[in-house]
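As structure tokens, the structure follows; a few thoughts come after it.
Numbering (full-length UniProt numbering), first residue to last: 1 to 409.
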């Protein structure tokens, strides 16, 4: 039996959306702004963007969650408290945005009773508040002045940023027709360009011939190759029915990424760490970052004695067995049943500490050298190696003379 003929399938080319128009909110662009600013210090070139943080530190802030498919991460849910979720720059960006809106540094709220904080921190928080007020006001002023919000793909964004590309070509559709000389354009949430002129052409081919490839598409060798690039975004029919705009631009004197670089540099490691929820005490390693949650979970779930037949307890479960009877109020839970049940209880405790900790610190402590430590408000907590690759054990609330009492309370 013959089949019915199939209808031809046509693929519609989706061009750049009509530009966003004012008001353009800082909240909508701050994550990308922080990302681009940190990436400049992590290796990318960005004129005038000099963040006084080490390259490795910036790369660490940009790092994605190494094990996003770890099933144990699903148990944590989508939470914003506790150990921050990777990539850390997103958490940092939102914390900065909240402070810009409030006009002040939030101050130290992550404390645990009986653990002393760095007394000099209060003075630095006052300085950070002044810095946030200054640079935050500049950022808000710049975003409030933006009239159109556009996005450009690489390598053309980098060329705009470097001043190599000085003409942006678009189909004359929607709000693109409202762009006039003097308009302030925000590209990719971080680059401000001022429109010098807008010229109209019947086609991209004509535009490229008149404006020249060097100004519109640096590095492209022929007009035909240039037209093919635009054809990825606009059909020939759309081009002919709407005509083409050549938007001549120049770099504005004030740039969001420069203000963000000034802000991050002024905060330095202690300020950025505070935004991430890190605590500062004697022995704190200032340029250390909290490890990924997946590292903390997976290392705590390693088999305690993998070569011993019949022993299936995890490192966390074995550690919990030492602590469960130390708390008179049963804080650690009911540690009974099979090894499987004990492992599950240990995982639940780890998850609770990770999502509810109000105190985080990477600090030097004998005999482990450098550790990552977290505690909840009641004082209970856990320790890992600096990068979270080895689980060290659980912690009781700190009390005077606790060691002599075996930390029983």
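Glycine included, C-beta positions come from ideal geometry on N, C-alpha and C. This structure is a prediction, so every number in the text was calculated from the model and none was measured.
Query                                                                                                                             : Result
Counted within 10 angstroms of its Cβ, other Cβ atoms place residue 37 as buried (16 or more) or exposed                          : buried
Cα-Cα separation, residue 350 to residue 318                                                                                      : 13 Å
Cβ distance (whole Å) where residue 88 is taken to contact residue 34 below 8 Å                                                   : Residue 88 to residue 34, Cβ: 10 Å. No contact.
Sequence-distant residues of its chain with Cβ nearer than 6 Å to residue 173 (five each side left out)                           : 242
Where residue 381 falls: helix, strand or coil (DSSP)                                                                             : strand
Three-state secondary structure (DSSP) of residue 180                                                                             : coil
The region 296-311 / the region 277-287 touching (three or more Cβ pairs under 8 Å)                                               : no
Of the listed residues 85, 359, 379 and 272, nearest to residue 58 (C-alpha basis)                                                : 272
Rounded separation between residue 394 and residue 361 - CA only                                                                  : 15 Å
Nearest-angstrom Cα separation, counted from residue 148 out to residue 20                                                        : 5 Å
Distance, residue 132 Cα to residue 100 Cα                                                                                        : 6 Å
Beta-carbon contacts of residue 390 that lie in its chain and below 8 Å, excluding the five residues immediately before and after : 299 and 384
Residue 20, DSSP secondary structure in three states                                                                              : strand
Same chain, Cβ closer than 7 Å to residue 78, neighbours up to 5 away in sequence not counted                                     : In this prediction, residue 78 scores a pLDDT of 47, lower than 50, which makes its location untrustworthy; no coordinate-derived value is stated.
Under the three-state DSSP convention, the category residue 255 falls into                                                        : coil
Coil, strand or helix - residue 77 by DSSP                                                                                        : Bear in mind that a pLDDT of 49 at residue 77, under 50, signals an unreliable position, so the model cannot answer this.
Limits of the unbroken beta strand (DSSP E) element including residue 194                                                         : 191-201
Segment limits, beta strand (DSSP E) that includes residue 128                                                                    : Premise fails: residue 128 lies in the alpha helix (DSSP H), 121-145, not in any beta strand (DSSP E).
7 Å CB neighbourhood of residue 388 in its chain, flanking five on each side removed                                              : 291, 292, 295, 296, 299 and 372
Residue 411 (DSSP reduced to helix, strand or coil)                                                                               : As shown, the chain starts at 1 and ends at 409. That puts residue 411 outside it, with no answer to give.
Straight-line gap, residue 261 to residue 53 (C-alpha atoms, nearest Å)                                                           : 10 Å
Neighbourhood of residue 83 by C-beta, 6 Å cutoff - its chain only, sequence neighbours within 5 removed                          : 290, 293 and 354
Check whether residue 184 and residue 150 have beta carbons under 8 Å apart                                                       : no
Residue burial classification, residue 209 (beta-carbon count within 10 angstroms, cutoff 16)                                     : exposed
Where residue 314 sits in the DSSP three-state scheme                                                                             : strand
Spatially closest choice to residue 264 from 30, 18, 22 and 323, by CA coordinates                                                : 30
Beta-carbon proximity of residue 24 to residue 146, cut-off 8 Å                                                                   : yes
Beta bridge counterpart(s) of residue 361 as assigned by DSSP                                                                     : 373
Start and end residues, alpha helix (DSSP H) containing residue 156                                                               : 156-162
DSSP state of residue 150 mapped onto helix, strand, coil                                                                         : strand
Own chain, CB closer than 7 Å to residue 181, minus 5 neighbours either side, in chain order                                      : 195, 196, 197 and 198
Sequence-distant residues of the same chain with beta carbon closer than 8 Å to residue 175, five excluded per side               : 18, 19, 21 and 148
Pair within 8 Å by beta-carbon distance, residue 153 and residue 192                                                              : no
Three-state secondary structure assigned by DSSP to residue 225                                                                   : helix
Other residues of its chain near residue 269: CB distance less than 6 Å, five sequence neighbours each side excluded              : 286 and 287
DSSP state of residue 284 mapped onto helix, strand, coil                                                                         : strand
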